[in-house]
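Taken in order, these protein sequences are the chains called A and B.
Going by the numbering used here, the first sequence opens with residue 127, and the numbers climb by one from there.
Going by the numbering used here, the second sequence opens with residue 29, and the numbers climb by one from there.
Structure, as structure tokens:
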Amino acid sequence: MPVNESAAAEAEMMTEAEMTTDGASGAGADAGTGTWEPRIVAFCCNWCSYAGADLAGTSRKQYPANIRIVRVPCSGRINPQYILRAFQRGADGVMVAGCHPGDCHYTTGNYYTRRRFSVVQRFLEYVGLHPDRFSGHWISGSEGEKFVQTAREFTEKVRSLGPNEKMRDVL
Amino acid sequence: MSEAIKTAAPVEGEPMPAELKTAEIPTRRGPAPGDPEFLGALRDCCRSLLAEGHVQRIIAYRETPDSLRPEVAFFASPEETGDLVWDLFCNTNICKYLLDYRTFEGRIGVVVKGCDARGVVQLINDMQIPRDKVEIIGICCPGQIDPAKVESAAGEAWVSRVVAGPDSVEIVTEEGTEMRVPLESVLTDRCLSCRKPNPPVADVVFGEDQKGRISDEVFEQIAELERMSSAERDAFWNRHFERCIRCFACRNVCPACSCTKCVFDQQEPDWLAGERNQANQHFFQITRAVHVSGRCTGCEECDRVCPVGIPLRLMNKKLWKDVKDLFDSPLPGTKLGVRSPLVMWDPKDADSFE
Ligand code: SF4
Ligand code: SF4
Ligand code: SF4
Ligand code: FES
Numbered sequence: 127m128p129v130n131e132s133a134a135a136e137a138e139m140m141t142e143a144e145m146t147t148d149g150a151s152g153a154g155a156d157a158g159t160g161t162w163e164p165r166i167v168a169f170c171c172n173w174c175s176y177a178g179a180d181l182a183g184t185s186r187k188q189y190p191a192n193i194r195i196v197r198v199p200c201s202g203r204i205n206p207q208y209i210l211r212a213f214q215r216g217a218d219g220v221m222v223a224g225c226h227p228g229d230c231h232y233t234t235g236n237y238y239t240r241r242r243f244s245v246v247q248r249f250l251e252y253v254g255l256h257p258d259r260f261s262g263h264w265i266s267g268s269e270g271e272k273f274v275q276t277a278r279e280f281t282e283k284v285r286s287l288g289p290n291e292k293m294r295d296v297l
Numbered sequence: 029m030s031e032a033i034k035t036a037a038p039v040e041g042e043p044m045p046a047e048l049k050t051a052e053i054p055t056r057r058g059p060a061p062g063d064p065e066f067l068g069a070l071r072d073c074c075r076s077l078l079a080e081g082h083v084q085r086i087i088a089y090r091e092t093p094d095s096l097r098p099e100v101a102f103f104a105s106p107e108e109t110g111d112l113v114w115d116l117f118c119n120t121n122i123c124k125y126l127l128d129y130r131t132f133e134g135r136i137g138v139v140v141k142g143c144d145a146r147g148v149v150q151l152i153n154d155m156q157i158p159r160d161k162v163e164i165i166g167i168c169c170p171g172q173i174d175p176a177k178v179e180s181a182a183g184e185a186w187v188s189r190v191v192a193g194p195d196s197v198e199i200v201t202e203e204g205t206e207m208r209v210p211l212e213s214v215l216t217d218r219c220l221s222c223r224k225p226n227p228p229v230a231d232v233v234f235g236e237d238q239k240g241r242i243s244d245e246v247f248e249q250i251a252e253l254e255r256m257s258s259a260e261r262d263a264f265w266n267r268h269f270e271r272c273i274r275c276f277a278c279r280n281v282c283p284a285c286s287c288t289k290c291v292f293d294q295q296e297p298d299w300l301a302g303e304r305n306q307a308n309q310h311f312f313q314i315t316r317a318v319h320v321s322g323r324c325t326g327c328e329e330c331d332r333v334c335p336v337g338i339p340l341r342l343m344n345k346k347l348w349k350d351v352k353d354l355f356d357s358p359l360p361g362t363k364l365g366v367r368s369p370l371v372m373w374d375p376k377d378a379d380s381f382e
């Protein structure tokens, strides 16, 4: 499995332009050739989950390079449209991660996220997205290990499902 | 968890302006639809509201040469109210026209059924129009008739008029033949499962409270979809989504879609591209449904106007079911001063994060 020791550095490169255009690269969607690797977009809040990923990187814990982090100021900044866009532009799975309840840097952002996320998660499942392709996690800045574990487990689940075609722009 | 949050009561985003919380104005009652006095009384009411300067416009319905299809009309003077009608073919939900009067200086009267009235209340709760700018003329609705169902009951013959009774309707054709069919066989689909036919808020009410019809059909269909596999659900929705011509009628009529700049009209960023591929079709459908969740009044007007018959109610009601289960909030539009459950939170909310 390809690994990425400095995910934080890579995430820094991820711009909104890359997110909204078909700029995805790295792990490929090369189904059928036997080299397919799942592409996973993780929306991480700056203050906790992104710091958690950073900690994993600096303490040289390895997590799958399939994960492409998009850093957002707070999990409350994650518009459901971002999630749809990620799937449209080729994500095989999408993760949303923020500070634990009560720990949001902006006090209440993640409480709003939690309500929105609960509704969107059930709805995506209802319109036919496989439930294992989308998940939410509370990861604090000191939980580098949890980030690594979550990233691994999620990647493996998505890998076992194969490439996502639902909502995908170019198949 | 910080101390400040632990002690906070369930928090609403911002407090509701005080004037929305004031008690309702006592309502006056008029005769019920079906009563021979009804139409005269409704016209008198509208006429005097205009004549006495209580309102400067009334949004209601007017006869057309097709007796099954009255049109929405805007009455500006008492003299015009002579051809105002309200019968069982006033299917159009007129609440959304209120937004054309955002900058109008004056009050507007709206003649509304239960479902339309929820739309008016939702527009007020979403702060799109102030409560005191609207005179709500409510009608306890006995159910509306679907012209297409009448026409198919009449077969080849042209329908000239329909006389509705409490349980059955008489269809009179151009040739003068008459036939009688049960009311339920020609009611619109949404009326067949309408639990709230009475305006929840009104200044004048016509008729006594109706019981409505309790059918769980929509929720049974939703449960059936929920039991399917992801792949089956994917196929089901794909079949519907690919037919959407993106006319945006569903958005334009919707009392929960009140954004002055809709995301689907934006150029920068261009959230919704023009090409009708499955990605864009999904983006449109999912985004519209999610945007109205927690504010959708269940009026099913979107479903009624969709020219290609996409079962939008199966999405809207699914979202409503989940919102209700998760956050235990009242049906949007049934109470003044209620904020969307999605702009509120509670530390005890169900947690689907891992
Ligand atoms: S679809 Fe969304 S953005 Fe457009 S009007 Fe409705 S709520 Fe507003
Ligand atoms: S989404 Fe449809 S059912 Fe819901 S309020 Fe809008 S028009 Fe009515
Ligand atoms: S009314 Fe129907 S066809 Fe038109 S945009 Fe809405 S879902 Fe699509
Ligand atoms: S800052 Fe992390 S969830 Fe708000």
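We put the CB at the ideal spot given by N, CA and C, even for glycine.
Small disclaimer: the values here were computed from a predicted structure and weren't measured.
Go ahead and pull the three-state DSSP assignment for residue i.
{"i": "B/M207", "result": "strand"}
{"i": "B/W265", "result": "helix"}
{"i": "A/V198", "result": "strand"}
{"i": "B/I165", "result": "strand"}
{"i": "A/I209", "result": "helix"}
{"i": "A/M221", "result": "strand"}
{"i": "B/V113", "result": "strand"}
{"i": "A/S151", "result": "The predicted position of A/S151 is uncertain, since its pLDDT is 43 and thus under 50; no value can be drawn from it."}
{"i": "A/I204", "result": "coil"}
{"i": "A/T281", "result": "helix"}
{"i": "B/I314", "result": "helix"}
{"i": "B/L96", "result": "coil"}
{"i": "B/R57", "result": "strand"}
Kindly list the residues whose CB is nearer than 7 Å to the CB of residue i, restricted to its own chain and excluding five residues on each side of it in sequence; keep chain order.
{"i": "B/Q249", "result": "L342"}
{"i": "A/F280", "result": "I166, G219, M221 and S261"}
{"i": "B/F102", "result": "R85 and I87"}
{"i": "B/H268", "result": "I338 and P339"}
{"i": "A/E138", "result": "Only weak support exists for where A/E138 lies, its pLDDT of 43 falling under 50; the coordinates are left without a value."}
{"i": "B/N119", "result": "Q172, T216 and R332"}
{"i": "B/E236", "result": "A60 and C168"}
{"i": "B/V138", "result": "I87, I122, C123, L126, V148, V162, I164 and I165"}
{"i": "B/Q150", "result": "P283, A284, R323, T325, P360 and G361"}
Which word fits residue i, buried or exposed, when buried means at least 16 other C-beta atoms lie within 10 angstroms of its C-beta?
{"i": "B/D160", "result": "exposed"}
{"i": "A/S151", "result": "Only weak support exists for where A/S151 lies, its pLDDT of 43 falling under 50; the coordinates are left without a value."}
{"i": "B/A176", "result": "exposed"}
{"i": "B/F132", "result": "exposed"}
{"i": "B/S82", "result": "Per the sequence shown, residue 82 of chain B should be read as His rather than Ser. Exposed."}
{"i": "B/Q294", "result": "exposed"}
{"i": "B/T346", "result": "Checking the sequence shown, residue 346 of chain B turns out to be Lys, not Thr. Burial call: buried."}
{"i": "B/D298", "result": "exposed"}
{"i": "A/T276", "result": "buried"}
{"i": "B/W348", "result": "buried"}
{"i": "A/G216", "result": "buried"}
{"i": "B/S257", "result": "exposed"}
{"i": "B/T325", "result": "buried"}
With a CB to CB cut of under 6 Å and the five nearest residues on each side skipped, what residues in its chain are close to residue i?
{"i": "A/Y238", "result": "G202"}
{"i": "B/I152", "result": "R159"}
{"i": "B/C143", "result": "C327"}
{"i": "A/G149", "result": "With a pLDDT of only 41 at A/G149, under the threshold of 50, the placement of this residue in the model should not be trusted; the figure read from the coordinates follows. For A/G149, where only same-chain residues beyond five positions count, there are no Cβ hits under 6 Å."}
{"i": "A/A177", "result": "G267"}
{"i": "A/F273", "result": "G178, A179, A182 and I265"}
{"i": "A/Y232", "result": "C200"}
{"i": "B/S368", "result": "G322 and R323"}
Suppose the cutoff is 8 Å on Cβ atoms and the five residues either side in sequence are ignored; what does the same chain contact list for residue i look like?
{"i": "B/R130", "result": "Q156 and I157"}
{"i": "B/D174", "result": "N119, V214, L215, T216 and D217"}
{"i": "B/D377", "result": "L354 and F355"}
Considering only DSSP beta bridges, list what residue i is partnered with.
{"i": "A/R186", "result": "DSSP output for A/R186 lists no bridge partner at all."}
{"i": "A/A168", "result": "A/I195 and A/M221"}
{"i": "B/I87", "result": "B/F102 and B/V138"}
{"i": "B/I338", "result": "In DSSP, B/I338 forms no bridge with anything."}
{"i": "A/H263", "result": "A/A223"}
List, in order along the chain, the chain E residues whose C-beta lies closer than 8 Å to that of residue i?
{"i": "B/D350", "result": "Absent here is chain E; the protein component of the structure consists of chains A and B."}
Inset, instruction - Check each residue's C-beta against every heavy atom of ligand 1 and list, in chain order, those closer than 7 Å. - result: Output, sorted by chain position: B/R279, B/C282, B/A284, B/C285, B/S286, B/C287, B/C290, B/V291, B/F292, B/T315, B/R316, B/H319 and B/V320.
Legend entry - Around ligand 4, Cβ to any heavy atom closer than 6 Å, ordered along the chain: Any residue whose Cβ sits closer than 6 Å to a heavy atom of ligand 4 makes the list: A/C171, A/W173, A/C174, A/C200, A/S201, A/G202, A/G224, A/C225, A/C230, A/H231, A/Y232, A/G235 and A/N236.
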